[in-house]
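Chains as they are written, first to last, in this note's numbering: chain C, 3 to 443; chain H, 31 to 293.
Glycine included, C-beta positions come from ideal geometry on N, C-alpha and C.
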Amino acid sequence: MDYLPNIIFTIALFVGIGFFARNVKKLIRNIRLGRDVEVGDNKPQRWKNMAKIALGQTKMVVRPIAGLMHIIVYVGFIIINIEVLEIILDGILGTHRLFAPLGSAYNFLIGSFEILALLVIVAVVIFWIRRNVIKLARFIKPEMKGWPEKDGNMILYIELVLMLLFLTMNAADFSLQQMGAEHYAAAGAFPVSQFIVPLFDGLSIPTIIGIERTAWWLHILGILAFLNYLYYSKHLHILLAFPNTYYGKLKPQGEFDNLEAVTNEVKLMMDPSADPYAAPSDGATEPEKFGASDVMDLNWVQLLNAYTCTECGRCTSECPANQTGKKLSPRKIMMDTRDRLEEVGKNMDANKGEFVPDGKQLLDDYISREELWACTTCNACVQACPVSIDPLSIIMEMRRFLVMEQSAAPLELNNMMGNLENNGAPWPFNQMDRLNWAQEP
Amino acid sequence: MANEMNVPTMAALFAEGKQPEILFWVGCAGSFDDRAKKITKAFVKILNRAGVSFAVLGTEESCTGDPAKRAGNEFLFQMQAMTNIEVMNGYEVKKVVTACPHCFNTIKNEYPGLGGNYEVLHHTQFLKQLVEEGKITLEGGTYKGKRITYHDPCYLGRANDVYEAPRELIQKLDAELLEMKNCRKRGLCCGAGGAQMFKEPEKGDKDVNVERTEQAMETQPEIIAAACPFCNTMMTDGVKNKEKETSIAVLDIAELVANAQDL
C-alpha cells in the first residue's frame, strides 16, 4: 500500500496532461480550418521576432507598470517550473525533495523560488486592483462583460492560490525540518515562508505533516487543473505567444496583400488579346470567394491570432475609433473570431468531424458592419499588440467580402469608388484637369 | 519671379528624348484639393530652386487605388495599380517622390507585387536629402523659435517607419519641435485613413480629428506640421472646430521649407 500515493499521482498526471493534449489537438484542428498562407519565408527574422517579442517581452514594457508586473509573473511562471519538475518527480518516485543533494545550489534555487513567489503575489494583487478597484478603462469595455471579466479574475485567483500553497508547503516543510521530523531532512532556504512558520506553533508533527502534504497535493493538482483551464480561457497566450510572434507579419505594416485571384482576373480584363469566352483551362478551380464572412475564410495565422489574444485591450485603447466612442474594438474582433471558431469546432465535434451549416457566420452574427466601417486602417492596434496579433487584417478581409461579394459598401464609399472608376480620382474631377494646378497662381 | 513654376510632364520630356531623374507623383489630393494644391506648388518651387530634374505624369496620372483597396475593393485597386504601372514602366520610371503618404505606401509596398518596381521616397525624405546635399539651405529664421508640433501620418510613420526625416527638417528650421503625448509609433490617426476621408464617421461621441487636434493643442503650438494632404485637411478642420484658426496654422513640411526660402 506504500505505493498508493505514487500510483494516484501518476494517474492524476496522465489524466491531467492527457486531457490537455486532447484539447490541444482540437485547437490545432480548429486553427487548420483557416486558409493556407505563405509564412515560410525569412526564418532568421522570424526566430528573432519570437526571441525579442515573446521571450524578451519587448512590446510589454511599452507600458512600464503593466510591463514590469507582467515580466515578474512571466519569469516567476517559467522559473518556478523547475520546482514543478522536482514535485512531479517526487510524486512519481515517492521521494521527498529529490534535488536536495544539490546542496547550496538547491538552497539558492528554493530561496529564489520563494522570492519570486512573493513578487508574483504582489504583481497579481496589483493586477487585480487595476481590474477591480481602479477599473482601468480597457478592462471594463462592453466586450469584457460577463465571462471575459470573470475569466481574467479567475486566472489571478488561481495564480494567487498556487503561490500561497507553494509557500505554505515550504513553511510546513521548514518547520518539520526544525522539529526534526522523520523524512524531513534540512534542505532549502526559506526567505519568505519562514514568516509563515510561527503560524504552526503548538501544532503536532502529524498535523504539520498533514498541512505539508495537503499543500503539496493541492499545489500540483492545481497546476494540472490550471493547465487544463488554459484551453477554456483567454490564457492560452502563455503558449501561443511563441508561434504567434514567429508567424507575425514581417512586411511593412502599411503593406496589405494583393489578392492573387484578383490579379489574374484583372490581367485578363486588361489583355486585349484575351478571349473572354474561352473555356477555362484544365484544372481551373472554382472562382474563389473574395474576402471573409466566416472564420473558415480567414487564413490560419489569423485564427492562431484569435486563440493567442489574452484580451489585454491595448489594441482597443490605442484605436482612434474606439477612443472616440465608436463601436469598433480591435480586441472584440479577435474575441469574436475566437468565439465563432470555437462554435464551429463544437459543431464539428457534435457531427463526427464535419461542419454542419448552422445558419450563422462571423459577419453580422458576431461582428457588425458598423464596426468594420469605423476602422481607419491606421495600424495602431497592430502596433500595440504585445504578441503580434493583426486585427486589421481580419477587418480588411471582411470589408473585402462586403464590397466584392455583396457590393455592400456605405453609399458614400460607393460614390468615391464610382468616381475612381470613371475619373481616376476619388472626387468627381476630370482626369484631363489633373494638371490644372500648374497653371494656377 | 518666385511664383513662376516649371512643371515638365513625362510625355513632353519623352518627346524630346529626355528622361528626368525623378517622377513627382502628385496624387489626387495634390492635383484637385485646393488646400493640397498649395503643398504641391510649394514642393515644385523647392524642386525648381534646387534644380532637380523631375517631371509629373499630369493627365496620365490616376489614383493609386489606395482608398479603393482600404475600402475592400481589391478589383478596383488592382485595375488602377496596373494601369499606373503600365504608364510608369512605359516611361522607364526609376525613382518616384510623392507628397502623399498613401500614394507613397501603395507605390512602394503594393505595386512591386504587380510589376511596378521603383525607388519610392516621401517628399520629407527627399527634402532631407536635398538639405544634406546642400541643394537647399534652411537658414533664414522665418520659423526661428516657433513652436511647431508634428503630427505623424499613419501611412508614413507606423506603416513605413519614417519618423525622423520630417522632424529633422523642422529642427533645421531652428523651430522648437514639440512632441504630442501620442507620437511616432503611438501617433494617433487624424481620422482620414482607410477611406474614412470619403465618408461620414460612424456614430460615436467625438470625431477623431478633434481628438487629435486637442492632443496637438496640449503642446501649445503656433504651427501644426503635417506631412500628408489628408492629415492636413483633418487637422485644419479640427483647428477650426476649436476656433483656433487665427492662432494655429496647419502647414505641410514642404510649405515650411518653401516659406523658409521665401518661395
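- Taking C-beta atoms as the reference points, residue 144 (chain H) and residue 111 (chain H) count as a pair closer than 8 Å.
- With 16 or more neighbouring CB atoms inside 10 Å of its own CB, residue 195 (chain H) falls in the buried class.
- Residue 256 (chain H) carries a strand assignment under DSSP once its states are collapsed to helix, strand and coil.
- Here residue 343 (chain C) is buried, its C-beta having at least 16 other C-beta atoms within 10 Å.
- DSSP links residue 177 (chain H) through a beta bridge to H:206.
- A check of alpha carbon separations from residue 8 (chain C) across C:98, C:85, C:34 identifies C:98 as the nearest.
- Not a single CB atom of chain H sits nearer than 8 Å to the CB of residue 251 (chain C).
- Chain order gives the chain C residues near residue 144 (chain H) as 260, 265, where near means a beta carbon separation below 7 Å.
- If only complete runs of 4 or more residues are kept, the stretch 90–176 of chain H shows the alpha helix (DSSP H) at 96–101, 104–120, 131–135, 153–162, in order along the chain.
- In this structure, the CA atom of residue 421 (chain C) is about 14 Å from the CA atom of residue 412 (chain C).
- When DSSP states are grouped into helix, strand and coil, residue 212 (chain H) belongs to the coil group.
- For the stretch 31–44 of chain C, the beta-carbon criterion of a distance under 7 Å to any beta-carbon of chain H is satisfied by none of its residues.
- Only those residues of the stretch 170–188 of chain H whose C-beta falls short of 8 Å from the nearest C-beta of chain C are listed: 184, 185, 188.
- Closer than 9 Å at the C-beta level to chain C, one finds these residues of the stretch 76–94 of chain H: 86, 87, 88, 89, 90, 91, 92, 93.
- In the same chain as residue 117 (chain C), and ignoring 5 residues on each side of it, the C-beta atoms closer than 7 Å to its own belong to 193, 194, in chain order.
- What residue 145 (chain C) touches in chain H, judged by beta-carbon distance under 7 Å, is nothing: the nearest beta carbon there is about 16 Å away.
- Residue range 66–95 is occupied by the alpha helix (DSSP H) that includes residue 81 (chain C).
- CA-to-CA, the gap between residue 196 (chain C) and residue 176 (chain C) works out to about 7 Å.
- Assigned with DSSP and collapsed to three states, residue 278 (chain H) falls in coil, not helix or strand.
- Beta-bridge annotation (DSSP): residue 55 (chain H) is paired with H:128.
- In the assembly as shown, residue 355 (chain C) is an exposed residue. Its beta-carbon has fewer than 16 other beta-carbons within 10 Å.
- Along the length of the stretch 190–277 of chain C, whole alpha helix (DSSP H) runs at least 4 residues long occupy 207–231, 239–248, 262–272, reported in chain order.
- Closest by C-alpha distance to residue 11 (chain C), out of C:205, C:206, C:21, C:223, is C:223.
- Between the alpha carbons of residue 72 (chain C) and residue 61 (chain C) lies a distance of about 11 Å.
- Straight through space, the alpha carbons of residue 119 (chain C) and residue 25 (chain C) are spaced by roughly 29 Å.
- Annotation: the continuous alpha helix (DSSP H) that includes residue 32 (chain C) extends over 6–33.
- Of all residues in the stretch 217–237 of chain H, only 217, 218, 219, 220, 221, 222, 223, 224, 225, 226, 227, 228, 229, 230, 231, 232, 233, 234, 235, 236, 237 place a beta-carbon less than 9 Å from a beta-carbon of chain C.
- Here residue 375 (chain C) is buried: its Cβ has 16 or more other Cβ atoms, across all protein chains shown, within 10 Å.
- Inter-residue distance for residue 157 (chain C) and residue 66 (chain H) is about 53 Å (C-alpha atoms, whole angstroms).
- Contact annotation: the stretch 237–252 of chain C does not touch the stretch 316–323 of chain C, with fewer than three C-beta pairs closer than 8 Å.
- Using a Cβ distance threshold of 8 Å, residue 79 (chain C) and residue 230 (chain C) do not count as a contacting pair.
- Of the candidates H:93, H:166, H:102, H:128, H:93 places its Cα closest to the Cα of residue 114 (chain H).
- Interface with chain C (8 Å Cβ-Cβ cutoff): residue 102 (chain H) is included.
- Neighbours of residue 381 (chain C) in chain H, taken as residues whose beta carbon is under 7 Å from its own, are 184, 188, 189 in chain order.
- Runs of the alpha helix (DSSP H) spanning 4 or more residues and lying entirely within the stretch 98–153 of chain C occur at 106–134, in chain order.
- For the 8 Å CB-CB criterion, residue 170 (chain C) and residue 239 (chain C) do not form a contact.
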